[in-house]
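Trainee:
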Amino acid sequence: MTAAGLKSTPGGALWGTVRAPGDKSISHRSMILGALASGTTTVEGLLEGADVLATAQAMRSFGARVEQEGVGRWRVEGHGGFSEPSDVVDCGNAGTGVRLIMGAAAGFPLCATFTGDSSLRGRPMGRVLDPLARMGATWLGRDKGRLPLTLKGGNLRGLSYKLPMASAQVKSAVLLAGLHAEGGVEVIEPEATRDHTERMLRAFGAEVIVEDRAHGDHVVRHIRLPAGQKLTGTHVAVPGDPSSAAFPLVAGLIVPGSEVTVEGVMLNELRTGLFTTLQEMGADLTISNVRESSGEQVGDITARYSPDMKGVVVPPERAPAMIDEYPILAIAAAFATGETIMRGVGEMRVKESDRIALTAAGLEACGVDVEEEPEGFIVRGTGQAPRGGALVETHGDHRIAMSHLILGLAAQAPVSVDEPGMIATSFPGFAEMMRGLGGAIAEA
Ligand code: S3P
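The sequence shown finishes on residue 445 if you use our numbering, and the numbering steps up by one all the way, no holes.
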């Protein structure tokens, strides 16, 4: 971790081809499903960020053998279930890690205490604990189910659960608990969210039934996991993370004269809302070499400098497909002409930080006109490079840090961020990658 701040300085064009780091969502799931399964799971392209390493460590404490065999190459030996950890399970900064692990652990007759860093200890866990309690798990924790908390699992009953918010983490926790619930589980999704758990459960041999039912002009997704599923270890090739690829790509769009290609980016349409939105804004973003890898489409994405981007209204129903990408979209919007209206994104307030508040504050500090709403925000771009020249507070949020560093590469004056060490949770090597493309990002 870097103790000092990081600073990005406007300069020449960005140029080159890079590979996106492994997808964070799929990396977490490969460790957890590998540990739940019987036999060997081999993983290539694992994101070796702090979040996923915390999940790997947690899987060891639940009894799996987890070993690194090379760069991005890991091996998980599962014994078909979790055993009771002998100490507190620390999930670091990772909401995905702790929520999915609690779901998986609830299926077994064990008692486990979970904690995390100060950000994770402030995040709502009730959204996962409520359905797990309905299935028969019990827990004791801080106010509103905040970590640290202790969960006792085993003897679960089946559940049909309608998600109260669009959350793949909650869906996944219920599905993973459902692996060991009598009668199986059903999750009803008013808005489809990333489906990596469903796809990976199938790859490990489980039966998952997905049905889209029309309710007027709205489609509701029903995901059913019948009882009695057995998971068998398999091979997982982790595709590149579209949420990380977003940073060099937006940099390519806003730094004059640039052309940046990111190879091997996952194109699952439940993750690519940002790219659709940027194209609607008039960004020169092209996708080539589309292929399939481990059940996911991947492709290479090229971003060319796009000085004529226009503000758009982002459809609120697109939010689940780009929920982590609004901070970097807001940076692109600051360089576009006109208003970009982002609504229906209240979930941003309960991420690693309150991302609506911090994105608005960071942009304002850099001279951008932003209006904050309870469940959204509006960025008003002038079509000119914003002033920059600010120190942006990140509250330890990796995506807030990276977004504002990208802004600084194209602003009129440098931008610094505090606490850049947290970037390593999702994108170790971010600053080095940007430097390789010609971006001036250095310790402040
Ligand atoms: C994730 C789901 C999303 C996302 C997070 C990863 C996942 O969270 O923000 O970074 O891997 O399932 P929610 O489920 O809270 O929307």
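The C-beta atom is built at its ideal place from N, Cα and C for all residues, glycine as well.
Only a predicted model underlies this, so the values are computations on that prediction, with no experimental measurement involved.
Examine the ligand S3P and report whether any of its heavy atoms sits within less than 6 Å of the Cβ of T287.
Mentor: Working through the sequence shown from its first residue, we reach residue 287 at position 286. Result no, Cβ not under 6 Å from the ligand S3P.
Trainee: What is the residue span of the beta strand (DSSP E) that K8 lies within?
Mentor: Indexing the sequence shown from 1 puts residue 8 at position 7. Unbroken beta strand (DSSP E) run through K8: L7 to T10.
Trainee: Flag I357 as yes when its Cβ comes closer than 6 Å to any non-hydrogen atom of the ligand S3P, and as no otherwise.
Mentor: Stepping through the sequence shown from its first residue, residue 357 is reached at position 356. The answer is no for I357.
Trainee: Name the DSSP bridge partner or partners of H80?
Mentor: In the sequence shown, counting from the first residue as 1, residue 80 sits at position 79. Its beta-bridge partners are S39.
Trainee: Considering S427, what are the terminal residues of the beta strand (DSSP E) in which it resides?
Mentor: Stepping through the sequence shown from its first residue, residue 427 is reached at position 426. Segment: none, S427 is in no beta strand (DSSP E) and carries neither H nor E.
Trainee: How about D52: is its Cβ closer than 6 Å to a heavy atom in the ligand S3P?
Mentor: The residue given as residue 52 occupies position 51 in the sequence shown. D52: no, Cβ never under 6 Å from the ligand S3P.
Trainee: Is V1 near I302, with beta carbons less than 7 Å apart?
Mentor: Summary: the structure shown does not reach residue 1, with the chain confined to residues 2 through 445, and so no result is reported for it.
Trainee: Just grab the DSSP bridge partners of H216 for me.
Mentor: For the purposes of this step, residue 216 is taken as residue 215 along the sequence shown, with counting starting at 1. DSSP, once it has assigned bridges, lists H219 as partnering H216.
Trainee: Can at least three beta-carbon pairs, one atom from the stretch 344-358 and one from the stretch 384-398, be found at a separation below 8 Å?
Mentor: Taking 8 Å as the limit for Cβ pairs, the verdict is that the stretch 384-398 does touch the stretch 344-358.
Trainee: At which residues does the beta strand (DSSP E) containing F63 begin and terminate?
Mentor: Here residue 63 is taken as the residue at index 62 of the sequence shown, counted from 1. Where F63 is concerned, there is no enclosing beta strand (DSSP E), given that its DSSP letter is neither H nor E.
Trainee: Assess contact between the stretch 366-379 and the stretch 432-444, defined as three or more Cβ pairs (one per stretch) separated by less than 8 Å. Is contact present?
Mentor: Contact between the stretch 366-379 and the stretch 432-444 is absent, because fewer than three Cβ pairs lie under 8 Å.
Trainee: Measure the C-alpha to C-alpha separation of E208 and V418 and round it to an integer number of angstroms.
Mentor: Position 207 of the sequence shown, counted from the start, is the residue given in the question as residue 208. Position 417 of the sequence shown, counted from the start, is the residue given in the question as residue 418. Approximately 46 Å, taken between the alpha carbons.
Trainee: Do you know how far the Cα of A334 is from the Cα of S307?
Mentor: Here the question's residue 307 lines up with position 306 in the sequence shown. Here the question's residue 334 lines up with position 333 in the sequence shown. Roughly 12 Å separates the two Cα atoms.
Trainee: Within the present structure, is the beta-carbon of A169 separated from the nearest heavy atom of the ligand S3P by less than 6 Å?
Mentor: Within the sequence shown, residue 169 is the residue found at index 168, counting from 1. Checking every heavy atom of the ligand S3P against the Cβ of A169, one is found closer than 6 Å.
Trainee: Under three-state DSSP, which class holds F378?
Mentor: On the sequence shown, residue 378 is found 377 positions in, with the first residue counted as 1. Three-state DSSP puts F378 in a strand.
Trainee: Measuring only from the beta carbon, is I324 closer than 6 Å to any heavy atom that is part of the ligand S3P?
Mentor: Your numbering for residue 324 matches position 323 in the sequence shown. At least one heavy atom of the ligand S3P is nearer than 6 Å to the Cβ of I324, so yes.
Trainee: So, are the CB atoms of T198 and L232 less than 7 Å apart?
Mentor: For this step, residue 198 is matched to residue 197 along the sequence shown. For this step, residue 232 is matched to residue 231 along the sequence shown. The answer is no: Cβ separation not under 7 Å.
Trainee: Within 6 Å: the Cβ of S26 and any heavy atom of the ligand S3P?
Mentor: Counted from its first residue, the sequence shown places residue 26 at position 25. Indeed, a heavy atom of the ligand S3P lies less than 6 Å from the Cβ.
Trainee: Beta-carbon separation of A304 and L392 under 7 Å?
Mentor: Taking the first residue of the sequence shown as position 1, residue 304 is located at position 303. Taking the first residue of the sequence shown as position 1, residue 392 is located at position 391. No.
Trainee: Just to confirm the assignment, what range does the alpha helix (DSSP H) spanning Q280 have?
Mentor: On the sequence shown, position 279 is the one that residue 280 refers to. G274 to E281 is the span of the alpha helix (DSSP H), which, as asked, contains Q280.
Trainee: Hey, would you say the C-beta of T97 is under 6 Å away from at least one heavy atom of the ligand S3P?
Mentor: On the sequence shown, residue 97 is found 96 positions in, with the first residue counted as 1. Flag set: Cβ of T97 near the ligand S3P.
Trainee: Can you tell which of S28, T41, A38 and G71 has the C-alpha that lies nearest to the C-alpha of V53?
Mentor: Taking the first residue of the sequence shown as position 1, residue 53 is located at position 52. Closest by alpha carbon: S28.
Trainee: Flag this pair as yes or no: are the beta carbons of L279 and L268 separated by less than 7 Å?
Mentor: One-based indexing of the sequence shown puts residue 279 at position 278. One-based indexing of the sequence shown puts residue 268 at position 267. Not closer than 7 Å, so no.
Trainee: Identify the continuous beta strand (DSSP E) that holds L141 and give its terminal residues.
Mentor: Against the sequence shown, residue 141 aligns to sequence position 140. Looking at the DSSP string, the run of the beta strand (DSSP E) that includes L141 is T139 to G142.
Trainee: Would you call R203 buried or exposed, if buried means 16 or more other Cβ atoms sit within 10 Å of its Cβ?
Mentor: Numbered from 1 along the sequence shown, position 202 holds the residue referred to as residue 203. R203 should be labelled exposed.
Trainee: DSSP three-state label for H399, please.
Mentor: If you number the sequence shown from 1, residue 399 lands on position 398. Reduced to three states, the DSSP call for H399 is helix.
Trainee: For G96, which option in P415, S119, P191 and R76 has the closest C-alpha, if you only look at C-alpha atoms?
Mentor: Position 95 of the sequence shown, counted from the start, is the residue given in the question as residue 96. For the residues P415, S119, P191 and R76, the minimum Cα distance to G96 belongs to S119.
Trainee: Per DSSP, K153 forms a beta bridge with which residues?
Mentor: Stepping through the sequence shown from its first residue, residue 153 is reached at position 152. K153 is bridged to C112 and T139.
Trainee: Determine whether the Cβ of L275 lies closer than 7 Å to any Cβ atom of chain C.
Mentor: In summary, chain C is missing from the structure at hand, where a single protein chain is found.
Trainee: Note down, in chain order, each residue of its chain lying with its Cβ closer than 7 Å to the Cβ of G137, except the 5 sequence neighbours on either side.
Mentor: Locating residue 137 in the sequence shown gives position 136, counting from the first residue. For G137, where only same-chain residues beyond five positions count, the Cβ hits under 7 Å are N156, L157 and R158.
Trainee: Let me know the secondary structure DSSP gives K311 once reduced to three states.
Mentor: Translated into positions along the sequence shown, residue 311 becomes position 310. Correct three-state label for K311: strand.
Trainee: Pull up the distance between the alpha-carbon of K25 and that of R214, whole angstroms please.
Mentor: For the purposes of this step, residue 25 is taken as the residue at position 24 of the sequence shown. For the purposes of this step, residue 214 is taken as the residue at position 213 of the sequence shown. Roughly 30 Å separates the two Cα atoms.
Trainee: For E192, count the other beta carbons within 10 Å of its own beta carbon; 16 or more makes it buried, fewer makes it exposed. Which is it?
Mentor: Working through the sequence shown from its first residue, we reach residue 192 at position 191. E192 is buried by the Cβ-count criterion.
Trainee: Could you spell out the range, first to last residue, of the alpha helix (DSSP H) harbouring T360?
Mentor: By one-based count along the sequence shown, residue 360 stands at place 359. Where T360 is concerned, the enclosing alpha helix (DSSP H) stretches over R356 to A366.
Trainee: Among P321, E420, T235 and E49, whose alpha-carbon lies nearest the alpha-carbon of A38?
Mentor: Here residue 38 refers to the residue found at position 37 of the sequence shown. When only C-alpha atoms are compared, the closest one is T235.
Trainee: When you compare only the Cα positions, how much space is there between T3 and E433?
Mentor: In the sequence shown, the residue the question calls residue 3 occupies position 2. In the sequence shown, the residue the question calls residue 433 occupies position 432. Any reading at T3 must be qualified, since the residue scores a pLDDT of 43, below 50, and its modelled position is unreliable; the value itself is stated next. Rounded to the nearest angstrom, the two C-alpha atoms are 13 Å apart.
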